[in-house]
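Engineer: Taken in sequence, the protein lines are chains A and B.
So the first sequence is numbered by the working numbering: it starts at 1 and just counts up by one.
So the second sequence is numbered by the working numbering: it starts at 1001 and just counts up by one.
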Amino acid sequence: MAVLTEEQTMLRDMAHEWADNESPVTAFRKMRNGAPASFYDPEAWTAQAGMGWAGILVPEEQGGVGMGYLSLGLVLEQLGRNLAATPLAATATATAAILIGGSDAQKAAWLPRIASGEVVATLAIDEGPRFGGAIAAAVTGGKLSGTKQFVAEGDSAQLFIVAATDGLYLVEGDAGVTRAPRKLADSRSHAQVVFDNAPADRLEGGEDLLTQVTDRAAIGTAAEMLGMAEAAFAQTNDYLKTRVQFGQVLASFQALQHRMAKMFTELELMRSAVEAGLEAADSGRANISQEASLAKAVANETLHLVSREMIQLHGGIGMTDEHDAGFYLKRARVLEQMWGNAAWHRDRFARLNGY
Amino acid sequence: MATAPEIDAPLNALDDFRTQARDWLAANFPPSLKGRDNAMSAVEGPTEEDAEQRAWREAMGEKGWGVPTWPKEYGGGGLSRAEARVLQEEMTRAGAWNPIGGMGVMMFGPTLLEYGSEEQKREHIPAIARGEVRWCQGYSEPGAGSDLASLQCFAEDHGDHYIVNGQKTWTSGGQWADKCFMLVRTDKSKKHEGITFLLCDMDTPGVEVKPIQLISGSSPFCETFFTDVKVPKSNRVGREGEGWTIGKRLLQHERNSLSGGGSAAGRMFAGTPLAQIAKKYVGVDSEGRIADADLRTRIARHEMDLRSFMLTLRRASLEAKSNQGPSAATSIMKNVGARIMQERSELLIEIRGMAGLGWEGEGFEEDALKDVRHWLFGKAVSIYGGSTEIQNNVIAKRILGMLDHQ
Chain A
1 MAVLTEEQTM LRDMAHEWAD NESPVTAFRK MRNGAPASFY DPEAWTAQAG
51 MGWAGILVPE EQGGVGMGYL SLGLVLEQLG RNLAATPLAA TATATAAILI
101 GGSDAQKAAW LPRIASGEVV ATLAIDEGPR FGGAIAAAVT GGKLSGTKQF
151 VAEGDSAQLF IVAATDGLYL VEGDAGVTRA PRKLADSRSH AQVVFDNAPA
201 DRLEGGEDLL TQVTDRAAIG TAAEMLGMAE AAFAQTNDYL KTRVQFGQVL
251 ASFQALQHRM AKMFTELELM RSAVEAGLEA ADSGRANISQ EASLAKAVAN
301 ETLHLVSREM IQLHGGIGMT DEHDAGFYLK RARVLEQMWG NAAWHRDRFA
351 RLNGY
Chain B
1001 MATAPEIDAP LNALDDFRTQ ARDWLAANFP PSLKGRDNAM SAVEGPTEED
1051 AEQRAWREAM GEKGWGVPTW PKEYGGGGLS RAEARVLQEE MTRAGAWNPI
1101 GGMGVMMFGP TLLEYGSEEQ KREHIPAIAR GEVRWCQGYS EPGAGSDLAS
1151 LQCFAEDHGD HYIVNGQKTW TSGGQWADKC FMLVRTDKSK KHEGITFLLC
1201 DMDTPGVEVK PIQLISGSSP FCETFFTDVK VPKSNRVGRE GEGWTIGKRL
1251 LQHERNSLSG GGSAAGRMFA GTPLAQIAKK YVGVDSEGRI ADADLRTRIA
1301 RHEMDLRSFM LTLRRASLEA KSNQGPSAAT SIMKNVGARI MQERSELLIE
1351 IRGMAGLGWE GEGFEEDALK DVRHWLFGKA VSIYGGSTEI QNNVIAKRIL
1401 GMLDHQ
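What follows is the structure, encoded as structure tokens:
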């Protein structure tokens, strides 16, 4: 755990407690079974906003708490532990786009409404199933047209940050916007969003802004993945201590101990990479791409390992829908694809380092 | 928020000390010695000191700064950890290196400071602090490796002295050592409680050392035989039967030094970037990338692993300083450090092809010849000082609480 200020420690403890009391995995299961149109529990979102989390990146003068990325990461990690279905990550990264590229007027128009929890916002960047492909969406005469296939929280977002050929645009979620749910394995909100001559308001900056925003999205996602990996690991460890085979608890078998030790080792490295990414975002450097690629590639690999082993080490019970292991596996694979898979980030890391 | 710079911010007292250290180094470290630190002396043996190197060692020994945090009364520097860090920074800045090291510094000294008698500390610590005495470790035996407590080397009580008989193995630097700290059995009826910690002069009659040739061609380890070796009881550290406790404490010091605090790790990985060597040997594509795409990706993976490791070292040190208690991350350091070092070696061998497998003679780059030896010697890193498997046992049992029996 990074060295935290008193404020951050309180925030983390509060988020931990809230996630365990108000948003255990059973809450996610309930949401999945109920399948509301938004794919999250609006009451839980209101509660999160009430605690200031929606405005965690928003400066105080615009109604937020201005605590920065490490603080955001601490909350996302705690929510990730319990697979909380929340539009917080999407909204926060959209917030980052406005903070970095927004004019005073754009900030004044949106940040207070985001901080209060009134507006759920999201990034609509990729057009295909993979991150980083060509962008065809275009703006003419202030109207944006194009299709984004898998927009997180796209079912309910009121504000989209949309990548077009010449930069990022703010698009309100009514006029010229059509959504269709795209049900992925993780049972969370991903929608196809079609923009047809939607009024669009341009953010300053071009290519560079897009990279700055998606780097922050990758780092935030990695923080959520850290929480998931921690929880998946802890549940597996607990299970091994109770399950008896051949007259012994599984935890006493060295072969299993070494697999757990290996995962623990990778988790420690993952935590360092993720926290360094969050700290890099806080330091305000324009170029945090190396840290973002490190955090996301390591998070992808480690959560992949831990979520796969969670199923294997639980045996048959881990295969059942009744058990939570499958939830972690399915969500892990979706987040692995989001904002660049491990191969994409390794490739970029090499390029950024001149090879 | 509390970040690294805030925590490391020098107080005024540290500023004064920094000036003092800088001035002293300017006056005492000859720039001609920059980069002449023999990092491989543990493997290749001590080299002859020239007058300048000797003067530098004596100056550092006099000052106590070779062991900066040890107490002044025993020849240490008496510095706080923060001051020692400043000293290290200033040494790095000046290109200076610490001429005082070895097992006496890394493991035996700190252990003796904790468990030794006043006479023992006065006798041994100042000599270690001045870099005058070389120590070796008499722990492992042919039948007692990872299961160290099975050791059989026996010390028989003869009133004011013991008579030691038995064999030790993997005695690092045994052929160059003046003295040996060793674990011996004084009671055959108990396993752990029958072990005692002794100090033995290597020139005592009956001590015989045979270097073991390794796959790398070097012989840094020895077999050491003890035949009716007389060791005075005044050379016993702690009580009879207390050796396991003291010996384990020493192993903690060993592990910490092998896991490498930041600077040791930094030195370990401060070679030419792999990508640069790969571009030279494998070539580049039209976009200037390493031509072998698979190799390029694996280098990136390795570099990421290394960077995560360095970040973890930094995180653990910040967490320790902020009094959050010892970080769980420290338990992974040895395994990860070993894995990264070995992986780098494997990649280097692969990158150079046949030219990376040269053993000796003409036709190979000097670095390539060195890297072959490092690759082979490096296989020891995941075996000595607690093998990877033992470290994993430690993580599983101590941290994950997995040794549950019903």
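Cβ coordinates follow ideal geometry from the N, Cα and C atoms, glycine included.
DSSP three-state label for Gly1262 (chain B), please.
Structural biologist: Sequence index remark: in the second sequence, residue 1262 (chain B) carries index 262 (1-based). The predicted position of Gly1262 (chain B) is uncertain, since its pLDDT is 46 and thus under 50; a value taken from the coordinates is nonetheless stated next. Of the three classes helix, strand and coil, the one that applies to Gly1262 (chain B) here is helix, per DSSP.
Engineer: Output, in sequence order along the chain, the residues in the segment 1303 to 1319 of chain B whose CB is closer than 9 Å to any CB in chain A.
Structural biologist: Glu1303, Met1304, Asp1305, Arg1307, Ser1308, Phe1309, Met1310, Leu1311, Thr1312, Leu1313, Arg1314, Arg1315, Ala1316, Leu1318, Glu1319
Engineer: Would the segment 1112 to 1124 of chain B and the segment 1057 to 1068 of chain B be scored as touching if the rule is three or more Cβ pairs under 8 Å?
Structural biologist: The segment 1112 to 1124 of chain B, when compared against the segment 1057 to 1068 of chain B, does not touch it at the 8 Å Cβ threshold.
Engineer: Note down, in chain order, each residue of its chain lying with its Cβ closer than 6 Å to the Cβ of Glu6 (chain A), except the 5 sequence neighbours on either side.
Structural biologist: The residue labelled residue 6 (chain A) in the question sits at position 6 within the first sequence. Nothing listed; no residue qualifies.
Engineer: Contact between the segment 1310 to 1324 of chain B and the segment 1366 to 1374 of chain B: three or more CB pairs below 8 Å?
Structural biologist: In this structure the segment 1310 to 1324 of chain B does not lie against the segment 1366 to 1374 of chain B, because fewer than three pairs of beta carbons, one per stretch, are closer than 8 Å.
Engineer: Within the chosen definition, does the segment 200 to 214 of chain A reach the segment 92 to 103 of chain A through at least 3 CB pairs nearer than 8 Å?
Structural biologist: The segment 200 to 214 of chain A is in contact with the segment 92 to 103 of chain A.
Engineer: Of the choices A:Asp196, A:Tyr40, A:Ala350, A:Arg308, whose alpha-carbon is the least far from that of Ala152 (chain A)?
Structural biologist: Mapped onto the first sequence, residue 152 (chain A) falls at position 152. Of A:Asp196, A:Tyr40, A:Ala350, A:Arg308, the residue nearest in Cα terms is A:Tyr40.
Engineer: Distance cutoff 9 Å, beta carbons only. Does Arg351 (chain A) sit that close to anything in chain B?
Structural biologist: As a working mapping, residue 351 (chain A) is identified with position 351 in the first sequence. Closer than 9 Å to some Cβ of chain B, the Cβ of Arg351 (chain A) qualifies, so yes.
Engineer: Give me the Cα-Cα distance between Pro1031 (chain B) and Met1106 (chain B), rounded to the nearest whole angstrom.
Structural biologist: For the purposes of this step, residue 1031 (chain B) is taken as the residue at position 31 of the second sequence. For the purposes of this step, residue 1106 (chain B) is taken as the residue at position 106 of the second sequence. The C-alpha of Met1106 (chain B) is placed about 26 Å away from the C-alpha of Pro1031 (chain B).
Engineer: Cutting at 6 Å between CB atoms, please list the residues of its own chain near Pro1211 (chain B), excluding the five before and the five after it.
Structural biologist: Start at 1 with the first residue of the second sequence, and residue 1211 (chain B) comes out as number 211. These residues qualify, in order along the chain: Gln1175, Ser1219, Cys1222.
Engineer: Taking the alpha-carbon of Ser1308 (chain B) as reference, which of A:Glu336, A:Gln312, A:Gly220, A:Glu266 has the nearest alpha-carbon?
Structural biologist: Here residue 1308 (chain B) refers to the residue found at position 308 when the second sequence is read from its first residue. Of A:Glu336, A:Gln312, A:Gly220, A:Glu266, the residue nearest in Cα terms is A:Glu266.
Engineer: Going by beta-carbon coordinates alone, are Ser38 (chain A) and Asp155 (chain A) separated by less than 9 Å?
Structural biologist: Mapped onto the first sequence, residue 38 (chain A) falls at position 38. Mapped onto the first sequence, residue 155 (chain A) falls at position 155. Yes. Within cutoff.
Engineer: Hey, Leu1151 (chain B) and Leu1199 (chain B) are a contact pair by Cβ (cut 8 Å); roughly how many whole angstroms apart?
Structural biologist: Position 151 of the second sequence, counting from 1, holds the residue named residue 1151 (chain B). Position 199 of the second sequence, counting from 1, holds the residue named residue 1199 (chain B). So it is not a contact: roughly 16 Å between Cβ atoms.
Engineer: Taking the C-alpha atoms as reference points, what is the distance between Ala109 (chain A) and Ala297 (chain A)?
Structural biologist: As a position in the first sequence, residue 109 (chain A) is number 109, starting the count at 1. As a position in the first sequence, residue 297 (chain A) is number 297, starting the count at 1. When rounded, the distance between both Cα atoms is 35 Å.
Engineer: How would you label Val244 (chain A), buried or exposed, when you count the other beta carbons within 10 angstroms and need 16 or more for buried?
Structural biologist: Within the first sequence, the letter at position 244 stands for residue 244 (chain A). With fewer than 16 Cβ atoms within 10 Å of its Cβ, Val244 (chain A) is classed as exposed.
Engineer: Please say whether Glu1240 (chain B) and Asp1187 (chain B) have beta carbons closer to each other than 9 Å?
Structural biologist: The residue labelled residue 1187 (chain B) in the question sits at position 187 within the second sequence. The residue labelled residue 1240 (chain B) in the question sits at position 240 within the second sequence. Yes; because the gap between Cβ atoms is below 9 Å, this pair is in contact.
Engineer: Three Cβ pairs or more, each shorter than 8 Å: is that satisfied between the segment 209 to 224 of chain A and the segment 262 to 279 of chain A?
Structural biologist: Contact between the segment 209 to 224 of chain A and the segment 262 to 279 of chain A is present: three or more C-beta pairs spanning the two stretches fall below 8 Å.
Engineer: Taking DSSP's pairing of strands, which residues face Ile161 (chain A) in a bridge?
Structural biologist: One-based indexing of the first sequence puts residue 161 (chain A) at position 161. For Ile161 (chain A), which the question treats as bridged, DSSP gives the partners A:Leu123, A:Leu170.
Engineer: What residues of chain B sit near Asn341 (chain A), judged by a beta carbon separation below 9 Å?
Structural biologist: In the first sequence, residue 341 (chain A) corresponds to position 341, counting from 1. Chain B residues near Asn341 (chain A): none, gap ~12 Å exceeds 9 Å.
Engineer: Would you mind working out which of B:Gly1116, B:His1158, B:His1192 sits nearest Ala1144 (chain B), comparing C-alpha positions?
Structural biologist: Here the question's residue 1144 (chain B) lines up with position 144 in the second sequence. The candidate whose alpha carbon is nearest that of Ala1144 (chain B) is B:His1192.
Engineer: Under 9 Å, do Arg348 (chain A) and Ser307 (chain A) count as touching if we go by C-beta distance?
Structural biologist: In the first sequence, residue 348 (chain A) corresponds to position 348, counting from 1. In the first sequence, residue 307 (chain A) corresponds to position 307, counting from 1. In this structure, Ser307 (chain A) does not lie closer than 9 Å to Arg348 (chain A) by Cβ.
Engineer: Could one say the Cβ of Phe357 (chain A) lies closer than 9 Å to chain B's Cβ atoms, at least one of them?
Structural biologist: Because chain A spans 1 through 355 in this model, residue 357 (chain A) falls outside it and cannot be assessed.
Engineer: Could you tell me the boundaries of the alpha helix (DSSP H) in which Met310 (chain A) lies?
Structural biologist: Counted from its first residue, the first sequence places residue 310 (chain A) at position 310. Note, Met310 (chain A): alpha helix (DSSP H), 289 to 314.
Engineer: Would you call the CB atoms of Gly1095 (chain B) and Gly1035 (chain B) closer than 9 Å?
Structural biologist: Reading the second sequence from its first residue, position 95 is the one you call residue 1095 (chain B). Reading the second sequence from its first residue, position 35 is the one you call residue 1035 (chain B). Yes, the Cβ-Cβ distance between Gly1095 (chain B) and Gly1035 (chain B) is below 9 Å.
Engineer: Give a yes or no on whether 9 Å exceeds the smallest Cβ distance from Ile1395 (chain B) to chain A.
Structural biologist: Within the second sequence, residue 1395 (chain B) is the residue found at index 395, counting from 1. Yes - at least one Cβ of chain A is within 9 Å of the one on Ile1395 (chain B).
Engineer: Excluding five sequence neighbours on each side, which residues of the same chain lie with their C-beta closer than 6 Å to the C-beta of Thr1224 (chain B)?
Structural biologist: Numbered from 1 along the second sequence, position 224 holds the residue referred to as residue 1224 (chain B). Here the set comprises Lys1168, Thr1171, Gly1174, Val1209.
Engineer: Measure the alpha-carbon distance for Gly64 (chain A) versus Ala115 (chain A) and round it to whole angstroms.
Structural biologist: On the first sequence, position 64 is the one that residue 64 (chain A) refers to. On the first sequence, position 115 is the one that residue 115 (chain A) refers to. A straight line joining the alpha-carbon of Gly64 (chain A) with that of Ala115 (chain A) spans about 5 Å.
Engineer: Out of A:Ile56, A:Ala350, A:Tyr328, state which residue places its alpha-carbon closest to the alpha-carbon of Ala85 (chain A).
Structural biologist: Taking the first sequence and counting its residues from 1, the one referred to as residue 85 (chain A) is at position 85. Here the closest residue by C-alpha is A:Tyr328.
Engineer: Using a Cβ-Cβ distance under 9 Å, would Arg1344 (chain B) count as near chain A?
Structural biologist: Translated into positions along the second sequence, residue 1344 (chain B) becomes position 344. Chain A has no Cβ within less than 9 Å of the Cβ of Arg1344 (chain B).
Engineer: Kindly indicate which three-state DSSP category Thr91 (chain A) falls into: helix, strand or coil?
Structural biologist: Counting from one through the first sequence, the residue named residue 91 (chain A) turns up at place 91. Of the three classes helix, strand and coil, the one that applies to Thr91 (chain A) here is helix, per DSSP.
Engineer: Would you say Met260 (chain A) lies against chain B (beta-carbon separation less than 9 Å)?
Structural biologist: One-based indexing of the first sequence puts residue 260 (chain A) at position 260. The beta-carbon of Met260 (chain A) is placed less than 9 Å from the nearest beta-carbon of chain B.
Engineer: Against chain A, does Val1336 (chain B) count as a neighbour if the rule is that its beta carbon must be under 9 Å from one of theirs?
Structural biologist: Translated into the one-based positions of the second sequence, residue 1336 (chain B) becomes position 336. At least one chain A Cβ lies under 9 Å of Val1336 (chain B).
Engineer: Would you call the segment 16 to 30 of chain A in contact with the segment 68 to 87 of chain A, where contact means no fewer than 3 C-beta pairs closer than 8 Å?
Structural biologist: yes
Engineer: Whose C-alpha, out of B:Ala1129, B:Phe1017, B:Tyr1115, B:Arg1018, is nearest the C-alpha of Asn1098 (chain B)?
Structural biologist: On the second sequence, position 98 is the one that residue 1098 (chain B) refers to. Nearest of B:Ala1129, B:Phe1017, B:Tyr1115, B:Arg1018 to Asn1098 (chain B), Cα basis: B:Ala1129.
Engineer: Could you check what DSSP says for His190 (chain A) in three-state terms: helix, strand or coil?
Structural biologist: What you label residue 190 (chain A) is simply residue 190 of the first sequence in a count that begins at 1. In the structure shown, His190 (chain A) sits in a strand (DSSP, three-state: E or B).
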